[in-house]
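Residue numbers (our numbering): 45 to 480.
What follows is the structure in structure tokens.
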């Protein structure tokens, strides 16, 4: 690295901020760390740290400018903040219009793109962890003693294809695949919680799932800005995969980093689990970010509740996600709130998916009562219990794809229940995508 440059680190949780700081210092680069209070670890060793609240934008900028930071790495685990825990400073209010645009941009990719623009607008170049600490990047090939089998390779490419198919919708970076079957897709909860969910389902005798075997596949989403959201694995990933009975972890080569690399490999070898960097065999054309305003999807209202425009856009996106998952034999339901995909169904059933989504949040919720839409692939899943779950979660309504509506007692009861709870029910008629 050029020693005339100065590195700033905006630190969330985990070991990566400290590892990157150590790497930069070894290369002779001055380092300034600004840590998000309640998110970042307490131990940064010999490095000086300025701690700020989520709302203290002015404090962040002052710390970096006082240290004459030229390059900034934004790294570490964060939770989506509640507005109520923020302690805004003057800098927050000064930049409030930009802050509002950031949180309204929809999805992690949209939020993070605006964050990059914000800091670069302050004259600070945002770089990725791979530029700041290239030794953290996982290259092609096996990292430890174990190796993927030919059957594993088939599952790996299935997982790569699924994440690629969902990339335009800004959904998570990880999936669990076993013998060609998609067992879990990461939503906004993150990889560790997805693995815990997969482990719980496998331990439940009511689910027809393998108890052992299967692969965690993790890769970047097509079009993802790796400067601020580079996928990562670490010891917790190995532990979660082991608890779920998986036999390996496959990551996209050169786009994923390893935290605590030595410990990660030691733990994987002890579990006889492979950790392998692989190339996506079908990169294809670059995907354009999904824009529901460019999809002419027509609906018929099944009751008298009229959806707001933003709820209709969420319904369009949710149904489009469900459509994209059809060829993978999962995705009976999806939940979208303010253009964020919170959860998709992966075999656990519609009601279980809705219950899981209720505990998940998009960026900067003012309250836990949310708007948005739940999409159902088929009319048969529209039941009074599903309506109750959607209403209790605070969503605005339900959109149904699939076959045209045919009256029966269960569907009529569900539609009546939705009317009583103030939920819209939209039945899709057709869909056309704009080329714009």
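Just so you know, even glycine gets a beta-carbon here, dropped at the ideal spot from N, CA and C.
First and last residue of the uninterrupted alpha helix (DSSP H) at residue i
| i | result |
| --- | --- |
| residue 238 | 235-247 |
| residue 465 | 453-465 |
| residue 67 | 60-70 |
Status (buried if at least 16 other CB within 10 Å, exposed otherwise) for residue i
| i | result |
| --- | --- |
| residue 383 | buried |
| residue 265 | buried |
| residue 196 | buried |
| residue 473 | exposed |
| residue 410 | Because the pLDDT at residue 410 is just 47, under 50, the model does not fix this residue reliably, and the value given afterwards should be weighed accordingly. Answer is exposed; the Cβ neighbour count stays below 16. |
| residue 322 | buried |
| residue 256 | exposed |
| residue 178 | exposed |
| residue 452 | exposed |
| residue 398 | buried |
| residue 194 | exposed |
| residue 350 | exposed |
| residue 464 | exposed |
| residue 469 | buried |
| residue 392 | buried |
Where residue i sits in the DSSP three-state scheme
| i | result |
| --- | --- |
| residue 334 | coil |
| residue 105 | helix |
| residue 177 | coil |
| residue 360 | helix |
| residue 116 | strand |
| residue 419 | strand |
| residue 561 | Any answer about residue 561 is impossible in this case: the structure gives the chain only from 45 up to 480. |
| residue 88 | coil |
| residue 48 | coil |
| residue 131 | coil |
| residue 488 | Outside the shown range of the chain, which is 45 to 480, sits residue 488, and nothing can be said about it. |
| residue 186 | strand |
| residue 122 | coil |
| residue 110 | helix |
| residue 413 | Low per-residue confidence applies at residue 413: pLDDT is 48, beneath 50, and the placement is therefore not dependable enough to give any value. |
Cβ pair residue i, residue j closer than 8 Å
| i | j | result |
| --- | --- | --- |
| residue 314 | residue 239 | no |
| residue 92 | residue 61 | no |
| residue 227 | residue 216 | no |
| residue 94 | residue 169 | no |
| residue 461 | residue 428 | yes |
| residue 438 | residue 363 | no |
| residue 481 | residue 51 | Because the chain spans 45 through 480 in this model, residue 481 falls outside it and cannot be assessed. |
| residue 471 | residue 346 | yes |
| residue 188 | residue 318 | yes |
| residue 305 | residue 467 | no |
| residue 288 | residue 348 | no |
| residue 386 | residue 232 | yes |
| residue 166 | residue 105 | yes |
| residue 199 | residue 184 | no |
| residue 415 | residue 381 | yes |
| residue 443 | residue 334 | no |
N- and C-terminal bounds of the beta strand (DSSP E) containing residue i
| i | result |
| --- | --- |
| residue 483 | Look at the range of the chain in this structure, 45 to 480, and you will see that residue 483 is not part of it. |
| residue 443 | 441-444 |
| residue 342 | 339-345 |
| residue 316 | No beta strand (DSSP E) holds residue 316; DSSP gives it neither H nor E. |
| residue 348 | From DSSP, residue 348 is part of no beta strand (DSSP E); its letter is neither H nor E. |
| residue 80 | 75-80 |
Any non-hydrogen atom of the ligand GTP within 7 Å of residue i CB
| i | result |
| --- | --- |
| residue 119 | Within the structure as shown, the ligand GTP is missing, as the structure has no ligands at all. |
C-beta neighbour in chain B for residue i, strict 8 Å
| i | result |
| --- | --- |
| residue 426 | Of the protein chains in this structure there is only one, and it is not chain B. |
### Task
Within the segment 190-239, note down every full beta strand (DSSP E) run reaching 3 residues or more, in order along the chain.
Entirely contained in the segment 190-239, the beta strand (DSSP E) runs reaching 3 residues are, in chain order, 218-222, 225-229.
### Complete beta strand (DSSP E) runs within the segment 254-311 (minimum length 3 residues, chain order)
Fully contained in the segment 254-311 are the following beta strand (DSSP E) runs of length 3 or more, in chain order: 259-262, 292-296.
### Task
Please specify which runs of the alpha helix (DSSP H), each continuous and at least 4 residues long, are wholly inside the segment 350-404, giving them in chain order.
Counting only runs of at least 4 residues, the segment 350-404 fully encloses the following alpha helix (DSSP H) elements, listed from N- to C-terminal order: 353-369, 394-402.
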